[in-house]
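K.L.:
Its first residue numbered 2, the sequence shown is counted upward by one per residue in the numbering used here.
C-beta: ideal position from N, C-alpha, C; glycine also.
If you scroll down you'll find the structure; I have some questions about it.
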Amino acid sequence: MDRRNFIKTSLAAGALTGNRAQALPVLAPGEISPDEIRKARFPKDFLWGTATAAFQVEGAWNTDGKGESIWDRFAHTPGSIAGGATGDVTCDQYHRFNEDIALMKRLHQKSYRFSISWPRVLPQGTGAINQKGLDYYRRLTDALHEAGIRPFCTIYHWDLPQALEDRGGWPNRDMAGYFADYAGLLAKHLGDRITVWAPFNMPWYFTHDGYCIGDSAPRKRDARLFWKAVHTVALAQGQAFRALKAASSNATVGSAFECEPAVPKTDSAADIAAAADFDAYHNRFFLNAAMRGEYPAVDHDLLGFKPGDEKIMKVPLDWIGVHYYLRLIVSSNAAVDSLDPMSRLHVELGSQGPKPPGGWEMWPNAFYDMLMTLSRDYNHPIIEITESGTHFPDTLPLSEQLHDSARVEWYKQHLAALARAMKDGARVRAYHVWSLLDNLEWRAGFTRRYGLAHVDFATQARTVKDSGLWYGRVAETGRLAD
Ligand code: FCB
């Protein structure tokens, strides 16, 4: 959608009243004014970046000794991913990372958030290192440094070695130790090149969707397994924090949390409580586990909680990673499954604001509110925006994919909200667009395009979109408008 489609200037109204001089833009609900966008400024050392994840961009799924991941298994099971897509090749970044880094450089990028594929480095999840896999990340990070780009490493972006799932996966408490050993090994071998580490990407999402709902790998549908997985991951987050610090004195460690502001649908006490529950579980479960050593009221037997676990999971994260895509409208629901806290909630997309072609409402002030709330609640932590973006359906013609003015508008709006939050005290040091490239969007396959660069998956040609060119100028100038 073009700005023209949702902003009407009041010139016409001004003409009607004969008062053109006082005409002001009429904003769509939730929209930030052109004046605020024009005035937004970012500091010189702000880290402009993009984000990807191994399974979504690397391809080379069984090359050079890589082991199978749960997402390889999922994708290879017919009917799992839209259009029968797999991660076998996707953007082929494993073979094309130099080209992708040249693209980042061209767009004046200062940070690249990527993830390491656990089964590429440790095909069985534990035990012998696959040297060729480790060397890939050495080459990748060397090339990033050469281009003046900070490597930001997500240690776990959902592609668990299948061998570890076969040993029980995250519900198996031993996994916390395996994960911490793996994190320590990465810091030992790559700590000279990488200082910024996020043990997990969206821990609530991958445990809930993978073990409770069963929509994602490893496709388990059992709330009891889910709660065990949740507790293992909270322990793993704490243990990995310590293992990274022990192996590399320069390591700074946070995690990347899904932060979807929850707005109560009505002002009834039940809906207000439902929105608060959404925030406590979906947004903050693992954040509070780390920063406070606390969970919301969850039955400790279900978790397999042992005395002293609160000390293992509590670690002072050096920074908080925030993903922001949209706000959600939450109301209370009759519980379908008493063990699943999400089943007590009804969650819907907002519908008042403008909608880019992907159909998700744009409401940038919710991003501002989220940043201010986190700043207040966690004593003004350093924040990294670890992901943020909007998708276009792949059914749109190529010219509309490339001339993506609605995506430019989306970023203008959200970056203006970010600039305001920073002015008001939020200590945000980096922003990572999701994503550098169109890539494999999990179960949605190649049907959702998020990239600043278009990828033709038949030829692997990358073409920078208007949004990419625009974001490059922002990174160069620290301004949102020319
Ligand atoms: C986030 C995931 C990322 C990508 C974006 C669109 O939830 O972390 O891998 O799929 O959504």
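What is the DSSP secondary structure of VAL197, counted as helix, strand or coil?
P.N.:
strand
K.L.:
Would the region 33-48 count as touching the region 407-421 if we require 3 or more Cβ pairs under 8 Å?
P.N.:
yes
K.L.:
Of the choices GLN353, ASP272, PHE306, ALA335, whose alpha-carbon is the least far from that of ALA290?
P.N.:
PHE306
K.L.:
Might you give, ordered along the chain, the residues of its own chain that have their beta carbon closer than 6 Å to the beta carbon of CYS92, omitting 5 neighbours on each side?
P.N.:
VAL58, LEU438, ASN440, VAL456
K.L.:
Can you tell me which of VAL348, VAL234, GLY354, TYR157 puts its alpha carbon nearest to the alpha carbon of GLU311?
P.N.:
VAL234
K.L.:
Starting from ASP223, follow the alpha helix (DSSP H) in both directions and report where the run begins and ends.
P.N.:
No alpha helix (DSSP H) contains ASP223, which DSSP labels as neither H nor E.
K.L.:
Using DSSP with H/G/I as helix, E/B as strand and the rest coil, what is GLY390?
P.N.:
coil
K.L.:
Return the CA-CA distance between VAL248 and CYS154, expressed in angstroms with no decimal places.
P.N.:
Looking at the sequence shown, residue 248 is not Val but Ala. Using only the alpha carbons, I get a separation of about 15 Å.
K.L.:
Whose C-alpha, out of ASP467, TYR157, GLY84, HIS301, is nearest the C-alpha of PHE207?
P.N.:
Across the set ASP467, TYR157, GLY84, HIS301, the C-alpha of TYR157 shows the shortest separation from the C-alpha of PHE207.
K.L.:
Is the CB-CB distance between LEU350 and ALA263 below 9 Å?
P.N.:
no
K.L.:
Tell me the rounded alpha-carbon separation between VAL323 and ILE386.
P.N.:
5 Å
K.L.:
Between TRP435 and PHE368, what straight-line distance do the alpha-carbon atoms span, to the nearest angstrom?
P.N.:
15 Å
K.L.:
Does the distance from the CB of HIS392 to the CB of GLU442 come in under 9 Å?
P.N.:
yes
K.L.:
State yes or no: is the C-beta of ASN202 nearer than 8 Å to some heavy atom of the ligand FMN?
P.N.:
The ligand FMN is not part of this structure, which contains only the ligand FCB.
K.L.:
If I measure Cβ to Cβ from ILE117 and keep anything under 7 Å in the same chain, skipping five residues before and after, which residues do I get?
P.N.:
Only ALA55, TYR138, CYS154, ILE156, LEU187 meet the Cβ criterion.
K.L.:
Nearest-angstrom Cα distance between ASN63 and ASP89?
P.N.:
For ASN63 and ASP89, the distance between alpha carbons rounds to 8 Å.
K.L.:
Out of LEU288, SER70, ARG97, ALA52, state which residue places its alpha-carbon closest to the alpha-carbon of TRP460.
P.N.:
One point to set straight first is that residue 460 is Thr, not Trp, in the sequence displayed. Considering only LEU288, SER70, ARG97, ALA52, the residue with the shortest C-alpha distance to THR460 is ARG97.
K.L.:
Return yes when the C-beta of GLU442 is under 8 Å from any heavy atom of the ligand FCB, and no when it is not.
P.N.:
yes
K.L.:
Is any heavy atom in the ligand FCB found nearer than 8 Å to the beta carbon of HIS392?
P.N.:
yes
K.L.:
What number of angstroms, rounded off, separates the C-alpha of ARG220 from the C-alpha of ILE82?
P.N.:
13 Å
K.L.:
Drop a sphere of 10 angstroms on the beta-carbon of ASP45, count the other beta-carbons inside from all chains shown, and report buried for 16 or more, exposed for fewer.
P.N.:
Here residue 45 turns out to be Lys, not Asp, going by the sequence shown. Counting other Cβ atoms within 10 Å of its Cβ, LYS45 stays below 16 and is therefore classed as exposed.
K.L.:
For ASP302, which residues from the same chain have a beta carbon less than 6 Å from its beta carbon, with the 5 sequence-adjacent residues on both sides left out?
P.N.:
none
K.L.:
Can you give the beta carbon distance from ASP341 to ALA224, rounded, assuming they're within the 8 Å contact cut?
P.N.:
5 Å
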